[in-house]
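Its first residue numbered 1443, the sequence shown is counted upward by one per residue in this note's numbering.
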Amino acid sequence: MLIDSHAHLDMDDFDGDRDKVLERAAQVGITHIITMGIDRESSIAALKLAKKYDFVYAAIGYHPHSADGCKTDDLDALISMASEPEIVAWGEIGLDYYRSYSAPEAQQKIFSRQIEIADDLNLPVVIHDREAHDDVLEMLKKMGKGEKKGVIHCFSGDIDLALAFLDLGYFISIPGTVTYKKAYHVKEVASRIPLESMLIETDAPFLAPVPKRGKRNEPALVAFTAHEIARLRNIDFEEVAMRTSENAKIFFGLPG
Ligand code: NI
1443 MLIDSHAHLD MDDFDGDRDK VLERAAQVGI THIITMGIDR ESSIAALKLA KKYDFVYAAI
1503 GYHPHSADGC KTDDLDALIS MASEPEIVAW GEIGLDYYRS YSAPEAQQKI FSRQIEIADD
1563 LNLPVVIHDR EAHDDVLEML KKMGKGEKKG VIHCFSGDID LALAFLDLGY FISIPGTVTY
1623 KKAYHVKEVA SRIPLESMLI ETDAPFLAPV PKRGKRNEPA LVAFTAHEIA RLRNIDFEEV
1683 AMRTSENAKI FFGLPG
C-alpha cells in the first residue's frame, strides 16, 4: 500500500499513455493519487481525472507561477468546484522566488487569498515553497485559522526549517530527490522528522527518483522514494509505506 500525495496527471506528458501509467501505479500497490491543479484550466482537468479514475483525487488552486494571470473570477470558479467529493485539498499554492515567473507581489497576494479560501472551505493546503522559506513561514503563521493545516510539498529546506513547519502543525512531503546522492538536506529531513508528520510524493512528471532520474516521473516510482526513506531510517519499507499512507488518508480525508 502506497499513496502518491502529489502528481500532475493532467500534464500533456501523460497524454499518450495515461491509462497505462495509472495501471502501473495500481500494480505496484498505489491505493490513492492526489493530482494537483496549478491554474483554472488544470484544476478543471484534475477534477475530471479524479471523476474518471476511482483511485485519483484532486486538489485545486493557483500555483505561484500562474499568479500574474489569476483573476477574481478564476478563484470564484475554483471555489464553486470545491464541494465536489473528489476535491480533497487546495493546491498547489505558495511562493517561488527561484524562477519568479510571476511578480513576487502578485504571488503573495494570490497565496494569501487562497489560504483564506482554504480556511473558509476547511480544506488542507498543498504548499509550494521554492527559495521563499521565510515568507511562506510568515504567511502560514499569520493564516491557517481553521483546524485543517497543510503539507509542504517537495520539501527542499533544511532540518531547522522542517522543524519550524512541524511546529505550526504542517506535514512534510518527501519527493524522489531524496534518492539523489547529493541531496543531503532532504536525506537528513527524511531521516529525522517523525514518521507521523511525513507524506511521500512523486511530483510526476517531474523529479523522477534514482534509478529513473532524468526520465519522466510517474506515480509507480514513489516506491523508490519509500525504499530510500526506509534505508535512511533503518526500518522496513512496509512501515514507511503503511505509515505515510495512513497519514495521507487522515490528512486528505480519503476513503478506504
Ligand atoms: Ni507540483
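Using N, Cα and C, we set each Cβ at its ideal position, and we do this for glycine too.
So the candidates are V1620, S1554 and Y1626; which of them puts its Cα closest to the Cα of L1649? One-based indexing of the sequence shown puts residue 1649 at position 207. Ranking the options by Cα distance to L1649, first place goes to V1620.
Is A1545 buried or exposed, if buried means 16 or more other CB atoms sit within 10 Å of its CB? Here residue 1545 corresponds to residue number 103 of the sequence shown, with the count starting at 1. Exposed, because fewer than 16 other Cβ atoms sit within 10 Å of the Cβ of A1545.
Burial state of Y1504 (16 or more Cβ within 10 Å): Locating residue 1504 in the sequence shown gives position 62, counting from the first residue. Per the 10 Å Cβ criterion, buried.
So for E1688, helix, strand or coil by DSSP? Against the sequence shown, residue 1688 aligns to sequence position 246. In this structure, E1688 counts as helix in the three-state DSSP scheme.
Using the C-alpha atoms, what's the distance from R1541 back to A1646? Within the sequence shown, residue 1646 is the residue found at index 204, counting from 1. Within the sequence shown, residue 1541 is the residue found at index 99, counting from 1. When rounded, the distance between both Cα atoms is 19 Å.
Whole angstroms is fine: what's the gap from G1618's alpha carbon to F1666's? The count along the sequence shown starts at 1 and reaches residue 1618 at position 176. The count along the sequence shown starts at 1 and reaches residue 1666 at position 224. Going by the C-alpha atoms only, they are around 7 Å apart.
How about I1472 and P1661: are their beta carbons less than 7 Å apart? As a first step, residue 1472 is located in the sequence shown; it is residue number 30 there, counting from the start. As a first step, residue 1661 is located in the sequence shown; it is residue number 219 there, counting from the start. It is a contact, given that the beta carbons lie within the stated cut-off.
Counting beta carbon pairs with one atom in the segment 1529-1537 and one in the segment 1545-1563, are three or more of them shorter than 8 Å? yes
Is M1701 near the ligand NI - that is, is its Cβ less than 6 Å away from at least one heavy atom of it? Residue 1701 falls outside the range modelled here, since the chain spans only 1443 to 1698, and no answer is possible.
Neighbourhood of D1455 by C-beta, 6 Å cutoff - its chain only, sequence neighbours within 5 removed: Residue 1455 sits at position 13 when you count from the first residue of the sequence shown. Excluding sequence neighbours, D1455 sits near P1647 and R1658.
Out of curiosity, what's the CA-to-CA distance linking L1603 and V1628? Position 161 of the sequence shown, counted from the start, is the residue given in the question as residue 1603. Position 186 of the sequence shown, counted from the start, is the residue given in the question as residue 1628. So the two alpha carbons sit approximately 11 Å from each other.
8 Å CB neighbourhood of L1674 in its chain, flanking five on each side removed: Within the sequence shown, numbered from 1, the residue matching residue 1674 stands at position 232. So the list reads V1620, K1629, A1632 and S1633, once near-sequence residues are dropped.
Using DSSP bridges, identify the partner residues of T1477. The sequence position of residue 1477 within the sequence shown is 35, counting from 1. According to DSSP, T1477 bridges with A1449 and A1500.
Taking all protein chains shown into account, decide if Y1499 is buried (16 or more other Cβ within 10 angstroms of its Cβ) or exposed. Translated into the one-based positions of the sequence shown, residue 1499 becomes position 57. Under this definition Y1499 is a buried residue.
Tell me the rounded alpha-carbon separation between H1474 and D1577. Locating residue 1474 in the sequence shown gives position 32, counting from the first residue. Locating residue 1577 in the sequence shown gives position 135, counting from the first residue. Roughly 31 Å separates the two Cα atoms.
Verify the contact flag: D1645, CB atom, against every heavy atom of the ligand NI, threshold strictly below 6 Å. Against the sequence shown, residue 1645 aligns to sequence position 203. It does: the Cβ of D1645 is within 6 Å (strictly closer) of some heavy atom of the ligand NI.
Taking all protein chains shown into account, decide if L1641 is buried (16 or more other Cβ within 10 angstroms of its Cβ) or exposed. For the purposes of this step, residue 1641 is identified with residue 199 of the sequence shown, where counting begins at 1. Label assigned to L1641: buried.
At the level of alpha carbons, what is the spacing between I1616 and H1669? Translated into the one-based positions of the sequence shown, residue 1616 becomes position 174. Translated into the one-based positions of the sequence shown, residue 1669 becomes position 227. Approximately 12 Å, taken between the alpha carbons.
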